[in-house]
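Here the structure is laid out as structure tokens; the discussion comes afterwards.
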Amino acid sequence: MAFLTENAQKHLANRHRKSRLFALLCAIVTWSSVFLLGVLLVRITLDGIGWLNWNFLTSFPSRFPAQAGIKSALAGTLWLIVMIAFISIPVGVSAALYLEEFSKRGRLATLIEVNIANLSGVPSIVYGILGLAIFVRFFGLERSLISGALTMSLLIVPVIIIASREAIKTVPMSIRYAALSLGATRWQTTWSHVLPSAFPGIMTGVILALSRAIGETAPLILIGAASYVAFLPKGPMDSFTALPIQIYGWASRPQAEFSELAAAGILVLLAVLLLMNATAIFIRNKTEKRLK
Amino acid sequence: MALAELVDATTEKKQTTEAVLELQEVSVLYSGKPAVKKVSCTIWRNRITAIIGPSGCGKSTLLRSLNRMNDFVDGVTIEGQILFAGQNLYGEAVDPVEVRRRIGMVFQKPNPFPKSIYNNISWGPSINGYSGSMDELVERSLQQAALWEEVKDRLQDSALNLSGGQQQRLCIARALAMEPQVLLMDEPCSALDPISTAHIEDLMFELQSRYTMVIVTHNMQQAARVSDYTAFMEMGNLIEFGETDQIFTRPEKKRTEEYVTGRFG
Amino acid sequence: MSDSIPTTGLSFSIHKGVTRWGETAIKFWLGSCTALSLFTTAAIVVLLLVESFDFFMAVSPIDFFFGTRWVPLLKPSSYGVLPLLWGTAQIAIGAALIAIPLGLASAIYLSEYASAQVRSWIKPILELLAGIPTVVYGYFALTFVTPMLRHVIPDIQVFNALSAAIVVGIMILPTIATLSDNALRAVPDSLRQAAYAIGATSYEVTTSIVVPAGLSGVMASFLLAISRAIGETMAVTLAAGQTPNLSLSMLGSIETMTAYIVQISIGDTPSGSIAYQTLFAVAALLFFITLMINVISQWILGRFREVYD
Chain A
11 MAFLTENAQK HLANRHRKSR LFALLCAIVT WSSVFLLGVL LVRITLDGIG
61 WLNWNFLTSF PSRFPAQAGI KSALAGTLWL IVMIAFISIP VGVSAALYLE
111 EFSKRGRLAT LIEVNIANLS GVPSIVYGIL GLAIFVRFFG LERSLISGAL
161 TMSLLIVPVI IIASREAIKT VPMSIRYAAL SLGATRWQTT WSHVLPSAFP
211 GIMTGVILAL SRAIGETAPL ILIGAASYVA FLPKGPMDSF TALPIQIYGW
261 ASRPQAEFSE LAAAGILVLL AVLLLMNATA IFIRNKTEKR LK
Chain B
702 MALAELVDAT TEKKQTTEAV LELQEVSVLY SGKPAVKKVS CTIWRNRITA
752 IIGPSGCGKS TLLRSLNRMN DFVDGVTIEG QILFAGQNLY GEAVDPVEVR
802 RRIGMVFQKP NPFPKSIYNN ISWGPSINGY SGSMDELVER SLQQAALWEE
852 VKDRLQDSAL NLSGGQQQRL CIARALAMEP QVLLMDEPCS ALDPISTAHI
902 EDLMFELQSR YTMVIVTHNM QQAARVSDYT AFMEMGNLIE FGETDQIFTR
952 PEKKRTEEYV TGRFG
Chain C
61 MSDSIPTTGL SFSIHKGVTR WGETAIKFWL GSCTALSLFT TAAIVVLLLV
111 ESFDFFMAVS PIDFFFGTRW VPLLKPSSYG VLPLLWGTAQ IAIGAALIAI
161 PLGLASAIYL SEYASAQVRS WIKPILELLA GIPTVVYGYF ALTFVTPMLR
211 HVIPDIQVFN ALSAAIVVGI MILPTIATLS DNALRAVPDS LRQAAYAIGA
261 TSYEVTTSIV VPAGLSGVMA SFLLAISRAI GETMAVTLAA GQTPNLSLSM
311 LGSIETMTAY IVQISIGDTP SGSIAYQTLF AVAALLFFIT LMINVISQWI
361 LGRFREVYD
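Chains as they are written, first to last, in our numbering: chain A, 11 to 302; chain B, 702 to 966; chain C, 61 to 369.
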């Protein structure tokens, strides 16, 4: 046989060693990401936990770090979550339903699909520019909550569409056929059978999209959300600030205290995101159980 | 080493052959559940051994234990010994990669790599440090697999452009390029049409003089046509093992007789 | 036995009419939501083109695309975009150099080596990393990475490209890891079995057979990640600085296209001026570049998907 030599034996041992090293390397790299996340969270917590108290949550921003708080930013973010949800979820899910249940395969459908994929890859700052031109200027909505909410909705609707489509695709055709064979219309089938079945997956996608919207800063900067807002918004037309904007504002200041304030703000933002994701998981588990 | 005598059907001469693999009370368990139970038999050099039996009897599992492909299944345990050239395949110091170089395998569904025909064949030898002429090796392997004439002008074409039967012959050539001592074939024709099947059965006859082959097949007629020895398995047990002629015409066990006469399975 | 066929409420004809009208209205609503995506793209393109057109009336495209000085706000002004492009490129290349090898290695570990249990831990962690807001990464770059780098490279400035590139690399790593992992898992197991049966080690099977078989998905993930790095705003705005230049060193302050857009929009540049129009020109360039990369990435996915059988 051509391979039965001592060189071959050594060669084989080398190959095994290489393989083991490679596997080890890949493992180390992967676990490093975990480690890195830990470092990130620990560092931010250490920096910011000192400033995280009731006072911080209930004060407005101030030139003096000791008196500065996150009240207006938190309120702005909460307002935004609700408004963005109300706008983007119906639009995004409707579009997804249309593409999956009502439209026919064809050039137009493919064009729309490609278009949505492209939109989800457009940098968020471009959406900010779009929002500035359309909502702030053209529609004259000024630098208000509604401008911000509309802009962020434009940003995340493609994400919601893509995620919802995936969820809708997993609903087996047999459910639809069963409903249709009973004489239900397409919409009745969709509303009563497809949507509930796809709900957990849609929910997950929606929450992920909303989480992204809450964390985005650039579009809000573009439409003019300020970072020194010392009042609470009372309606959609009021000007506002939001958590990421406030964090950015503090982080750009050179003084060490403001840096720490930024860390505290980050902790609040992460807490909000955590809460949102936990709610999503909770809702998903509840609805998945009901379907089983 | 154990010897056996076989009367050559055409020349009626007695030929001795030696044992290549000796299975001694081999059991294979998946998470504690036995799929193969205490099988003992011998695989003779330059002979074709067929493993037949109804679905789920453990024939593929047994075959895969011969080249340690079962190692990839979680929770698998092997008991007993499989001696190859005197060494237990599952011994402490045995390298499974070495085992697979010496004992090659062709799978049920043709699975050529998404590479050129040439690279499909050359990959195995090249990672093993083959230092001879690769072109010659590729040609030799393709000729042995009776595929050379059909592909010699398009060696750089993708292997995926070949027909099913051609792809399977390519997989055989790929395995032969490693110059294995034993070639395992797991239902090699079940995904192919009758003409391709006939080609591959002819191929088996040609390869017999140089290679030892173990074939799992659910097609009894194929086993009868092609093999020298047959092992009949049912529910993980080796019911009977012997020369093919004997198994099919004068089976010793009742179960064997029922199976080969088509009463079940 | 009665003559009439029992019905359950409304007679059929009226019921049908109402349903049909409602059905059409609903279809119209759903379709409009879908059409919104087309309008969005059209709006972006029209807006950027029209405003850039105004800009290019005043500044020659040659000066813009090939000029090496970007000084739009001071006199004497210069509108060469290359420094901004170079700033963006430094970040994207630096981030890619980190994220591509590390992300691919993670994907290989997840798909070829890790047990299902390990996967179930690591995948959520990667999702978490991906979900962290970019402003947090900017903060991290400024307050953690730069001081740490200073221990090793004392010359490094407070605002520098290296910290930002590192942090953006970490940010896009989960994208590469998850998408490449999907691509590798899609490679049929029969190919792995065939490769192992030849007598190959896991390293050989993975690098010679599995990764090449999943290459289209892997490459698409690289492109997507690079596109994200190019469009990244907050990390570079916070950590990389606001001094556009063509220096080769990554240790000093630079400016990316995205950071510039932020700078202009925060500042008080008057709305109609050329200086303000630069915002649209730079944004148009940014949009075009990311669009090209995303289109190529989708093309790769579409074109080479049928690779296995």
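We put the beta carbon where it would ideally sit given N, CA and C, even for glycine.
Note that the structure is a prediction, hence the values are computed from the model and not measured.
Cα-Cα separation between residue i and residue j, rounded to whole angstroms
i         : j         : result
ILE126(A) : MET352(C) : 15 Å
ILE257(A) : HIS26(A)  : 51 Å
PHE250(A) : ALA224(C) : 29 Å
SER237(A) : TYR187(A) : 54 Å
ALA106(A) : SER120(C) : 43 Å
PHE785(B) : PRO797(B) : 12 Å
LEU35(A)  : GLU264(C) : 15 Å
LEU186(C) : LEU724(B) : 47 Å
ILE74(C)  : TYR108(A) : Confidence at ILE74(C) is low in this model, with a pLDDT of 42, below 50, so its placement is unreliable and no value can be given for it.
ASN354(C) : ILE168(C) : 24 Å
SER276(C) : THR68(A)  : 52 Å
TRP745(B) : THR931(B) : 11 Å
ILE324(A) : TYR320(C) : Any property of residue 324(A) remains undetermined from this structure, which presents chain A solely from 11 to 302.
GLN845(B) : ASN295(A) : 59 Å
VAL737(B) : ARG196(A) : 53 Å
SER331(C) : THR338(C) : 11 Å
ARG363(C) : VAL278(C) : 14 Å
Whole-angstrom C-beta distance between residue j and residue i, which should lie under 8 Å
i         : j         : result
ALA289(C) : VAL205(C) : Actually they do not touch by this definition, with Cβ atoms about 16 Å apart.
LEU885(B) : LEU764(B) : 5 Å
ASP123(C) : TYR139(C) : 6 Å
THR945(B) : ASP929(B) : 6 Å
ALA285(C) : SER112(C) : Between SER112(C) and ALA285(C) the Cβ distance is about 27 Å, and since that is not below 8 Å, they are no contact.
CYS758(B) : MET936(B) : 6 Å
PRO229(A) : GLY291(C) : Wrong, their Cβ atoms sit about 12 Å apart, outside the cutoff.
ALA892(B) : PRO811(B) : 7 Å
ARG179(C) : LEU170(C) : 6 Å
LEU298(C) : SER269(A) : About 11 Å separates the two Cβ atoms, so there is no contact after all.
MET162(A) : LEU62(A)  : Not really, about 26 Å apart at Cβ, beyond 8 Å.
GLY20(C)  : ALA343(C) : This structure leaves residue 20(C) out entirely; chain C is present only between 61 and 369.
For residue i, the nearest candidate out of the options (CA to CA)
i         : options                                       : result
LEU239(C) : TYR320(C), SER281(C) and GLY91(C)             : SER281(C)
THR303(C) : ARG363(C), PHE99(C), THR148(C) and ALA243(C)  : THR148(C)
ASN128(A) : THR101(C), MET208(C) and ASP215(C)            : THR101(C)
GLN77(A)  : PHE292(A), GLU267(A) and THR297(A)            : GLU267(A)
GLU907(B) : GLU888(B), THR918(B), HIS919(B) and VAL927(B) : VAL927(B)
GLU83(C)  : TRP260(A), THR200(A) and LEU284(A)            : THR200(A)
ASN768(B) : GLU799(B), SER756(B) and ILE753(B)            : GLU799(B)
MET921(B) : ILE948(B), ARG802(B) and ASN821(B)            : ILE948(B)
VAL136(A) : PRO136(C), SER97(C) and LEU346(C)             : LEU346(C)
LEU283(C) : ILE232(C), PRO248(C), LEU145(C) and TYR256(C) : ILE232(C)
Opposing strand residues paired with residue i [DSSP bridges]
i         : result
GLN725(B) : GLN782(B)
MET934(B) : LEU939(B)
TRP745(B) : ALA720(B)
LEU202(C) : Its beta-bridge partners do not exist; DSSP assigns none.
PRO735(B) : LEU730(B)
TRP130(C) : TYR139(C)
SER154(A) : SER249(A)
LEU884(B) : GLY805(B) and MET914(B)
THR1(A)   : Residue 1(A) is absent from the model: chain A starts at 11 and stops at 302.
Contact set between residue i and chain F, taken where Cβ atoms lie within less than 8 Å
i         : result
VAL798(B) : Absent here is chain F; the protein component of the structure consists of chains A, B and C.
- Count the C-beta pairs between the stretch 185 to 195 of chain C and the stretch 245 to 261 of chain C that are closer than 8 Å, then say yes if the count reaches three, no if not. The stretch 185 to 195 of chain C, when compared against the stretch 245 to 261 of chain C, does not touch it at the 8 Å Cβ threshold.
- Message: Taking 8 Å as the cut-off, does the stretch 156 to 166 of chain C touch the stretch 352 to 361 of chain C (at least 3 CB pairs, one atom from each stretch)?
- Response: Cβ pair count under 8 Å is below three, so no.
- Query: Can you find at least 3 beta carbon pairs, one from the stretch 133 to 141 of chain A and one from the stretch 153 to 171 of chain A, that sit closer than 8 Å?
  - Reply: Touching, per the Cβ criterion.
- On the three-pair Cβ rule with 8 Å, is the stretch 162 to 180 of chain A touching the stretch 86 to 103 of chain A? Contact between the stretch 162 to 180 of chain A and the stretch 86 to 103 of chain A is present, because at least three Cβ pairs lie under 8 Å.
- State whether the stretch 749 to 760 of chain B contacts the stretch 905 to 919 of chain B, with contact taken as three or more CB pairs (one from each stretch) at a distance under 8 Å. The stretch 749 to 760 of chain B vs the stretch 905 to 919 of chain B: in contact.
- Message: Counting beta carbon pairs with one atom in the stretch 766 to 774 of chain B and one in the stretch 247 to 258 of chain C, are three or more of them shorter than 8 Å?
- Response: Because the criterion of three Cβ pairs below 8 Å is met, the stretch 247 to 258 of chain C and the stretch 766 to 774 of chain B touch.
- Message: Check whether the stretch 835 to 851 of chain B and the stretch 872 to 884 of chain B touch, using three or more Cβ-Cβ pairs below 8 Å as the test.
- Response: By the Cβ test, the stretch 835 to 851 of chain B is in contact with the stretch 872 to 884 of chain B, since at least three Cβ pairs between them sit closer than 8 Å.
- Query: Is it a yes or a no for the stretch 203 to 213 of chain A touching the stretch 40 to 47 of chain A, going by three-plus beta-carbon pairs under 8 Å?
  - Reply: The answer is no - the stretch 40 to 47 of chain A does not touch the stretch 203 to 213 of chain A, with fewer than three Cβ pairs under 8 Å.
- Are the stretch 60 to 80 of chain A and the stretch 206 to 220 of chain C in contact at 8 Å, needing three or more beta carbon pairs? No, the stretch 60 to 80 of chain A is not in contact with the stretch 206 to 220 of chain C.
- Query: Three or more C-beta pairs closer than 8 Å, one from the stretch 777 to 795 of chain B and one from the stretch 959 to 966 of chain B: is that the case here?
  - Reply: Short answer: they don't touch.
- Item | Touch test, the stretch 269 to 288 of chain A against the stretch 54 to 70 of chain A, Cβ-Cβ under 8 Å, three pairs minimum | The stretch 269 to 288 of chain A vs the stretch 54 to 70 of chain A: in contact.
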